[in-house]
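Here is the structure we will look at.
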Amino acid sequence: MNEANFIYSEAPQREPQRQEYFIEKCSEILSLKTSETGRELKAYVGTYGCQMNARDSEKLKGMLLKMGYAEAENEDNADFIIYNTCCVRENAENKVYGNLGLLKHLKKENKQLKIALCGCMMQQKHVVETIKTKYPYVDLVFGTHNLYKLPELLYSCLKDEKSVFEIFEEHGEIVENLPSVRNFKFKASVNIMFGCDNFCSYCIVPYVRGRERSRKPEDIIAEVKALAADGVKEVTLLGQNVNSYGKGLPEKVTFAELLGMVNDVEGIERIRFMTSHPKDLSDELIFAMRDLDKVCCHIHLPFQAGNDKILKDMNRHYTKEGYIALTEKLKKYVPYVAITTDIMVGFPGEYDVDDTIDIIKRVRFSGAFTFIYSKREGTPAAKREDMPDPKLVKANFNRVLETLNPIIYEINTEKVGKTYKVLAEGLSGHDKNLMTGRLEDNTLIHFKGNKNAIGNIVNVKVTECKTFYLYGEQEDL
Ligand code: SAH
Ligand code: SF4
Ligand code: F3S
Numbered sequence: 026m027n028e029a030n031f032i033y034s035e036a037p038q039r040e041p042q043r044q045e046y047f048i049e050k051c052s053e054i055l056s057l058k059t060s061e062t063g064r065e066l067k068a069y070v071g072t073y074g075c076q077m078n079a080r081d082s083e084k085l086k087g088m089l090l091k092m093g094y095a096e097a098e099n100e101d102n103a104d105f106i107i108y109n110t111c112c113v114r115e116n117a118e119n120k121v122y123g124n125l126g127l128l129k130h131l132k133k134e135n136k137q138l139k140i141a142l143c144g145c146m147m148q149q150k151h152v153v154e155t156i157k158t159k160y161p162y163v164d165l166v167f168g169t170h171n172l173y174k175l176p177e178l179l180y181s182c183l184k185d186e187k188s189v190f191e192i193f194e195e196h197g198e199i200v201e202n203l204p205s206v207r208n209f210k211f212k213a214s215v216n217i218m219f220g221c222d223n224f225c226s227y228c229i230v231p232y233v234r235g236r237e238r239s240r241k242p243e244d245i246i247a248e249v250k251a252l253a254a255d256g257v258k259e260v261t262l263l264g265q266n267v268n269s270y271g272k273g274l275p276e277k278v279t280f281a282e283l284l285g286m287v288n289d290v291e292g293i294e295r296i297r298f299m300t301s302h303p304k305d306l307s308d309e310l311i312f313a314m315r316d317l318d319k320v321c322c323h324i325h326l327p328f329q330a331g332n333d334k335i336l337k338d339m340n341r342h343y344t345k346e347g348y349i350a351l352t353e354k355l356k357k358y359v360p361y362v363a364i365t366t367d368i369m370v371g372f373p374g375e376y377d378v379d380d381t382i383d384i385i386k387r388v389r390f391s392g393a394f395t396f397i398y399s400k401r402e403g404t405p406a407a408k409r410e411d412m413p414d415p416k417l418v419k420a421n422f423n424r425v426l427e428t429l430n431p432i433i434y435e436i437n438t439e440k441v442g443k444t445y446k447v448l449a450e451g452l453s454g455h456d457k458n459l460m461t462g463r464l465e466d467n468t469l470i471h472f473k474g475n476k477n478a479i480g481n482i483v484n485v486k487v488t489e490c491k492t493f494y495l496y497g498e499q500e501d502l
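If you want it as structure tokens, here you go:
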């Protein structure tokens with residue numbers, strides 16, 4: 026048995042102990058390389074896509090730092106580059122291919138450099154084929170179901186100096202307690218579930234993230250308690266459809282009940298969650314939002330499109346009037362609730378956006394992510410041939426924005442002169458003399474304030490409104 030084979034058989038079989046073992050092994054190799062080169066080795070993690078990927082990248086970074094890599098600020102001075110990819114729309118994939126192309130020359134300059142790709146895009150066979158043929162300088166590829174195996178796969182890549190491709194078609198058990206770092210000190214995201222079972226007809230996520238599975242409430246609460254002990258004030262509970270949390274767990278627990286448990290964790294001051302699917306938004310959840318003091322008065326409730334025929338073809342399981350009624354119930358019971366949404370324009374067969382515009386006007390959203398439909402190979406909608414003309418789609422998209430933006434501006438204007446509680450998150454990226462934070466309803470604000478306030482919830486008076494953010498001044502300075 027050669028050394029590497031011995032190591033694979035000696036390694037613990039259970040997770041995450043097995044990966045901890047390989048972290049040690051990678052760290053031995055990295056120390057050797059450090060003494061050879063006389064410098065510290067650095068790793069860069071590039072993240073594409075949604076908050077799920079951002080959270081996954083914190084785990085990737087946690088494992089890499091534990092192996093002994095220092096963090097590289099960008100690709101140029103890194104010895105290990107990993108892109109955690111997204112494939113929800115074509116332009117997300119194009120960004121990855123574009124940036125990957127730029128890495129080729131780095132490989133010539135730095136013989137140590139290893140390039141890795143992981144995440145949603147890699148779960149598609151045609152992507153892996155493209156990587157193999159067009160980007161042969163990629164050393165390591167893995168998917169969403171074996172993200173936790175980074176140490177073992179990287180070990181094999183470093184030790185044997187060979188490229189490693191490992192993609193699982195299906196998910197295994199949820200692996201808890203992986204090392205992780207946090208991108209922010211005072212706020213943190215916590216996965217409560219993985220995958221998606223909804224199969225909206227346009228969406229690739231269920232194919233690349235696998236079936237919906239929930240983490241046990243005790244694991245979630247233990248993580249939230251540890252975060253609180255570490256100074257975190259705000260947690261965001263993450264899932265593709267948090268409202269269906271709990272399905273398949275041995276004990277019966279709903280999302281509203283989970284919110285109650287998180288609300289009881291001492292030290293946590295704010296609780297957010299995303300994303301909610303309208304079809305599963307229960308009265309119990311609405312009442313929980315009303316009654317639990319730490320749960321923020323904000324809900325992200327994507328509606329995608331307004332027309333009932335289009336909603337049916339999208340497999341969304343609600344109607345335009347059903348959606349509007351739901352938002353009315355939210356407004357009735359949850360004081361000051363801010364509703365944000367996702368809107369898609371140009372789905373096959375969608376030639377006008379009148380119903381979409383009607384929903385925007387009647388619900389009055391505080392914010393929205395707007396997208397042009399992008400055909401995803403392998404989804405049912407990809408087979409449709411009744412595509413609207415791209416020029417018409419662009420015009421419809423502009424109509425949506427022209428309706429949406431003045432409403433968002435009006436809602437924010439009403440806040441001028443009033444005082445709100447803001448979690449001061451840090452210095453503003455725009456202007457280092459200002460701080461930045463969010464209102465309970467998730468509106469972004471840049472404000473004059475005392476730097477000691479960073480990490481605390483402070484009173485801020487709104488002085489000016491831009492469409493998508495506010496300016497203000499901290500009170501009781
Ligand atoms: N699970 C979440 C959304 C995840 S994807 C939910 O259902 O609300 C985020 C958004 O990307 C979706 O809400 C949708 O608006 C958009 N999206 C998904 N697939 C898309 C596609 N094929 N083309 C364009 N936008 C898409
Ligand atoms: Fe995609 Fe629909 Fe699942 Fe959201 S709920 S991830 S849009 S399939
Ligand atoms: Fe998220 Fe993109 Fe994957 S939106 S779940 S990173 S396809």
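Position 279 of the sequence shown, counting from 1, maps to 304 under the working numbering, and the rest follow consecutively. Quick reminder that beta carbons are idealized off the backbone N, C-alpha and C, glycines included. Quantities reported herein were computed from a predicted structural model and do not represent experimental measurements.
Residue i and residue j closer than 9 Å at C-beta
i: Gly-392; j: Ile-349; result: no
i: Phe-211; j: Gly-474; result: no
i: Leu-306; j: Leu-351; result: yes
i: Asn-116; j: Gly-74; result: no
i: Met-522; j: Ala-330; result: In the structure displayed, the chain extends from 26 to 502; residue 522 sits before or after that span and is not available.
i: Asp-380; j: Asp-333; result: yes
i: Leu-90; j: Ile-106; result: no
i: Leu-66; j: Ala-29; result: no
i: Tyr-494; j: Asn-437; result: yes
i: Asp-101; j: Gln-137; result: no
i: Val-290; j: Ala-253; result: yes
i: Ala-406; j: Ser-269; result: no
i: Gly-371; j: Ile-397; result: yes
i: Asp-466; j: Cys-228; result: no
i: Arg-341; j: Cys-112; result: no
i: Lys-272; j: Glu-237; result: yes
i: Gly-93; j: Leu-131; result: no
i: Leu-263; j: Gln-76; result: yes
i: Gly-403; j: Gln-149; result: yes
i: Asp-308; j: Asn-266; result: no
i: Asp-164; j: Lys-184; result: no
i: Val-230; j: Ile-192; result: no
Inter-residue spacing [alpha-carbon to alpha-carbon] between residue i and residue j
i: Glu-282; j: Gly-497; result: 36 Å
i: Lys-187; j: Glu-198; result: 28 Å
i: Arg-240; j: Arg-39; result: 18 Å
i: Met-412; j: Val-425; result: 19 Å
i: Val-487; j: His-325; result: 23 Å
i: Leu-175; j: Gly-168; result: 10 Å
i: Phe-328; j: Gly-462; result: 27 Å
i: Ile-246; j: Glu-53; result: 35 Å
i: Val-257; j: Asn-421; result: 42 Å
i: Gly-235; j: Glu-61; result: 42 Å
i: Gly-144; j: Leu-172; result: 8 Å
i: Thr-155; j: Thr-72; result: 20 Å
i: Leu-57; j: Tyr-162; result: 23 Å
i: Lys-133; j: Glu-177; result: 26 Å
i: Thr-395; j: Lys-250; result: 35 Å
i: Tyr-122; j: Asn-477; result: 42 Å
i: Lys-50; j: Gly-63; result: 20 Å
i: Leu-274; j: Leu-459; result: 46 Å
i: Lys-416; j: Tyr-376; result: 11 Å
i: Tyr-160; j: Arg-387; result: 49 Å
i: Arg-80; j: Glu-346; result: 35 Å
i: Phe-390; j: Pro-431; result: 10 Å
8 Å Cβ shell around residue i - same chain, five flanking residues per side excluded
i: Asn-202; result: Pro-41
i: Asp-456; result: His-471
i: Lys-319; result: Val-287, Asn-288, Ile-293, Glu-294, Arg-295, Ile-296
i: Glu-259; result: Phe-211, Lys-212, Ala-213, Ile-293, Glu-294, Arg-295, Ile-296, Arg-297, Leu-448
i: Thr-444; result: Asn-484, Val-485, Lys-486, Val-487, Glu-500
i: Val-362; result: Met-314, Cys-322, His-323, Ile-324, Leu-355, Lys-356, Asp-466
Own chain, CB closer than 6 Å to residue i, minus 5 neighbours either side, in chain order
i: Lys-84; result: Leu-203, Ser-205
i: Ser-399; result: Arg-114, Glu-115
i: Val-152; result: Met-146
Closer than 8 Å: residue i CB and nearest the ligand PLP heavy atom
i: Asp-305; result: This structure simply doesn't include the ligand PLP; it includes the ligand SAH, the ligand SF4 and the ligand F3S instead.
7 Å Cβ shell around residue i - same chain, five flanking residues per side excluded
i: Ser-181; result: Val-189
i: Pro-37; result: Arg-43, Tyr-46
i: Ala-313; result: Ala-281, Leu-284, Gly-285, Val-320
### Query
Which runs of the beta strand (DSSP E), 3 residues or longer, sit entirely within the segment 43-101?
67-72
#### Entry: Neighbouring residues (CB closer than 6 Å to any heavy atom of the ligand SF4)
Cys-221, Asn-223, Phe-224, Cys-225, Cys-228, Val-230, Pro-231, Gln-265, Asn-266, His-302
### Query
Which runs of the beta strand (DSSP E) spanning at least 3 residues fall entirely within the segment 451-494, listed in chain order?
460-464, 469-473, 482-490
### Task
Ignoring anything shorter than 4 residues or poking outside the segment 151-236, list the alpha helix (DSSP H) runs there in chain order.
175-185, 230-234
### Query
Curious, which full-length alpha helix (DSSP H) runs of at least 4 residues does the segment 104-151 contain?
115-134
### Query
Which ranges would you report for the alpha helix (DSSP H) in the segment 288-319 if only whole runs of at least 4 residues count?
308-316
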